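When we follow my numbering, the leftmost residue of the sequence shown carries the number 318, and every step to the right adds one. Where a beta carbon is used, it is the ideal one built from N, C-alpha and C, also for glycine. Quick caveat: nothing in here was measured; it's all calculated off a predicted structure.
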Amino acid sequence: MTPESTAHPLDRHFAALMQRLSGNSPPELELAASLVSRAQFEGNVCFGLAPVAAETKSTMDELVRKLKSAKVVGAPGEFKPLILDQANRFYLRRYWEYEQSLARAILARLNTALPAVDEISLTKSLDRLFPNKDPNDWQRIAAWTAVTKNFCVITGGPGTGKTHTVLAILALLLEQAGRPLHLALAAPSGKAAIRLQESVQRGKEKLNCSPEIKTWLPNEAATLHRLLGTIPDSPYFRHNAEHQLLVDAVIVDEASMIDLATMAKLFAATPPDTRIIFLGDKDQLASVEAGSVLGDISRASSPKRQQTRESSGQLAFTFERPDSNPRLRESTVELRRNYRFTAESGIYQLVQAVNAGDADKVMTILRDSASPNLAWKTLPDRQILPRALAKPAKNGFSSYLQTVGPVEALNRFADFRVLCAIRGGSFGVENINLLIEETLARNELLEKNSQWYHGRPVMVTRNDYSLKLFNGDLGVILEDAARKGERRACFISADGKVRQVLPSRLPAHETAFAITVHKSQGSEFEKILLILPETDSPLLTRELIYTALTRARESVEVWSSEKILRAAIARQVTRDSGLRDALWE
């Protein structure tokens with residue numbers, strides 16, 4: 318397959334336009350323009366020119382010289398639709414601008430001094446909130462970093478204590494200020510925002526701080542788009558460099574899901590002396606749109622150890638290796654201790670092996686684990702797939718389908734989920750959902766007598782701010798006894814209460830016995846069944862497997878051929894970007 322054959326018709330139209338605008342331009346321009354358009358669609362910020370050089374049988378110097386001669390290709394800073402930088406990275410101008418804007422904003426923020434912190438008071442607060450006084454307590458290190466820097470990135474997998482760390486940071490900021498602050502809690506999706514809001518509301522009662530501080534803690538979280546002020550049918554926001562947010566700190570959860578464009582707009586809309594704190598899992602799937610910002614910022618190793626200066630209580634760090642940007646390194650902390658799983662846990666060992674890319678160990682753990690919480694099954698043939706799904710579907714979903722009350726039904730629905738890598742095909746979510754519906758109907762666990770049958774699980778796929786339903790929200794269609802059996806779509810709100818919506822008013826949605834791994838980000842389930850397709854695909858990556866496995870709190874079952882699973886673990890997502898070089902070099 319040639320590079321040109323992978324392009325979409327839209328990419329070819331864009332390339333033809335660049336060729337026409339450039340006039341007497343070299344033929345290499347059309348191929349390069351087509352591929353940079355396709356690269357952006359696939360999540361890359363820029364495009365390396367090596368495939369074009371190979372396809373056109375040119376040396377890199379020859380190719381660069383020819384592209385620079387085209388009227389539509391400019392050097393960094395020039396007003397041209399295509400940008401070619403000194404490292405031979407080829408950009409759509411808009412994405413080059415986003416990358417440069419974000420890099421400048423981060424570097425400027427690292428060099429912007431905050432008002433002096435009362436370090437003696439801070440140390441006392443840290444001792445109270447983290448009483449074990451472990452010098453390698455990464456939550457304590459993260460909290461100290463967030464308070465003393467105006468830019469901080471905290472990464473860690475599920476169960477590493479990010480929620481407790483967020484609460485501690487909020488309390489520390491308020492204690493240092495001695496007054497209420499404008500603290501904005503945000504996340505890239507509605508579902509993630511609700512989970513962040515729920516975590517703060519549930520956790521603040523257990524927080525070891527004064528009642529006054531608890532009353533000052535923020536009670537709501539918003540999507541980033543809502544925080545910045547969405548303008549309908551526009552890529553711009555109401556809050557921008559000219560009309561910035563009036564906040565003292567912005568705390569953003571699930572930062573791995575944020576694309577380059579949104580990240581650049583967030584920094585532009587935030588005053589330079591306002592703290593920005595990111596939380597996320599750098600090993601999860603990256604954003605759907607172009608960029609892998611959290612990865613570019615945090616791939617470098619975290620501080621190796623922490624020491625305390627007795628005189629002031631200030632925390633000082635030593636590092637695993639020297640770096641050209643120590644201020645950025647000092648602003649990134651990785652939470653390493655897992656409070657959900659012990660080191661001997663089968664799920665923990667499995668996730669660690671996947672992250673290390675050790676397919677042999679993954680297969681050994683799945684085959685030989687004595688843990689009842691891990692299982693692996695060779696992917697069944699298409700013909701017997703309905704029969705194979707019968708047992709896990711009955712065991713996983715019968716509990717919520719046989720429950721009367723909506724609160725209990727919704728809580729039990731979170732016990733189990735089928736995760737798929739793809740949407741279409743025999744092993745994609747669309748077919749798996751149909752098969753599960755059929756097997757549950759055969760076992761008289763549901764009666765599919767209409768589109769809105771009792772017990773149908775639904776996932777919202779488009780935000781509806783008027784209904785406060787967001788992309789990724791999960792609910793269940795249930796009969797309302799108080800309304801003579803009329804059916805309502807029921808959702809759990811942030812305060813733990815049930816919200817009911819007429820099914821006909823639901824925004825775009827789909828059945829959700831099975832969901833894609835991408836859609837599962839930000840969710841947790843007691844048990845998951847991961848089903849991989851029968852043929853390999855670029856979508857099957859180490860990050861996808863890791864994301865799927867870390868959705869489970871209790872047990873994991875994987876259906877896949879060994880060949881496909883090994884291929885997925887070996888394939889790591891790499892997105893072309895100049896951000897890491899701009900930040901670290």
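Can you tell me the Cβ-Cβ gap for residue i and residue j, rounded? I've got them flagged as a contact below 8 Å.
| i | j | result |
| --- | --- | --- |
| A710 | I739 | The pair is not a contact, with the Cβ atoms about 19 Å apart (cut-off 8 Å). |
| W769 | P824 | Contact doesn't hold; Cβ gap of about 15 Å is too wide. |
| F733 | P774 | Their Cβ separation, rounded to whole angstroms, is 11 Å, which puts F733 and P774 out of contact at 8 Å. |
| Q493 | V470 | That pair is no contact at about 20 Å. |
| T472 | S615 | 5 Å |
| I848 | V735 | 6 Å |
| A538 | A510 | 4 Å |
| V483 | L683 | Contact doesn't hold; Cβ gap of about 34 Å is too wide. |
| K397 | S840 | About 43 Å; that fails the 8 Å criterion. |
| G742 | P850 | 6 Å |
| I437 | F584 | Not confirmed; about 32 Å, so no contact. |
| R805 | L795 | 6 Å |
Note down the Cα distance separating residue i from residue j, rounded to an integer number of angstroms.
| i | j | result |
| --- | --- | --- |
| N748 | I832 | 11 Å |
| S837 | R337 | 44 Å |
| K694 | L399 | 49 Å |
| W455 | E372 | 49 Å |
| Q613 | L427 | What sits at residue 613 in the sequence shown is Asp, not Gln. Taking the straight line from one Cα to the other gives about 16 Å. |
| I886 | L762 | 37 Å |
| G789 | H542 | 15 Å |
| R888 | A333 | 33 Å |
| W413 | A607 | 12 Å |
| D677 | Q601 | 21 Å |
| A356 | I458 | 38 Å |
| L348 | T440 | 59 Å |
| L597 | R496 | What sits at residue 597 in the sequence shown is Gly, not Leu. Rounded to the nearest angstrom, the two C-alpha atoms are 28 Å apart. |
| R897 | S418 | 13 Å |
| F744 | A488 | 47 Å |
| A670 | R859 | 10 Å |
What is the DSSP secondary structure of residue i, reduced to helix, strand or coil?
| i | result |
| --- | --- |
| Y408 | strand |
| P398 | coil |
| R734 | strand |
| D781 | strand |
| D797 | strand |
| S872 | strand |
| G612 | helix |
| E764 | coil |
| K814 | coil |
| L424 | helix |
| F787 | coil |
| T373 | helix |
| H826 | strand |
| I548 | coil |
| L847 | strand |
| P326 | helix |
| P723 | helix |
| I437 | helix |
| K651 | Residue identity differs from the one stated: residue 651 is Glu in this sequence, not Lys. In the structure shown, E651 sits in a strand (DSSP, three-state: E or B). |
| R543 | helix |
| V381 | helix |
| A504 | strand |
Can you list, in chain order, the residues of its chain with a C-beta nearer than 7 Å to that of residue i? Leave out the 5 residues immediately preceding and following it.
| i | result |
| --- | --- |
| M680 | E879 |
| D853 | I881, A884 |
| S339 | L346, A387, K388, V389 |
| S619 | Reliability fails at S619, whose pLDDT of 45 lies under 50, so the model's placement of it is uncertain and no value is given. |
Once you ignore the five residues that flank residue i on each side, which residues in its own chain have a CB closer than 8 Å to its CB?
| i | result |
| --- | --- |
| E843 | A731, D732, F733, A869, R870, E871, S872 |
| V353 | C363, F364, L399, F407, Y408, L409 |
| D576 | S604, V605, E606, A607, G608, V610 |
| R644 | L427, N428 |
| K479 | I471, G473, D570, L596, L652 |
| F787 | S506, G507, K508, A510, I511, T540, V777, N780, D781 |
What residue from the options has the CA that sits closest to residue i's CA?
| i | options | result |
| --- | --- | --- |
| I862 | N672, L896, D790, L702 | N672 |
| P448 | E379, A510, N525, L431 | N525 |
| V890 | L900, T864, V875 | T864 |
| R892 | P855, L645, P326 | P855 |
| A430 | L727, R816, T591 | T591 |
| R704 | Y415, R759, I486, K814 | R759 |
| V517 | I548, S506, I568 | I568 |
| T828 | V369, V777, D402 | V777 |
| S688 | E395, T659, L751 | T659 |
| A594 | E725, A503, L784 | A quick correction: the sequence has Ile, not Ala, at residue 594. It is A503. |
Enumerate in chain order the residues of its own chain whose CB-to-CB distance from residue i is below 6 Å, with the five nearest sequence positions on each side excluded.
| i | result |
| --- | --- |
| T462 | C469, V650 |
| H556 | L545, G546, L562, A586 |
Cβ of residue i versus every heavy atom of the ligand SAH: is any distance shorter than 7 Å?
| i | result |
| --- | --- |
| F358 | You won't find the ligand SAH in this model; it holds no ligand whatsoever. |
Comparing the C-beta of residue i with each C-beta of chain C, is any distance below 8 Å?
| i | result |
| --- | --- |
| I753 | Included in the structure is just one protein chain, with no chain C present. |
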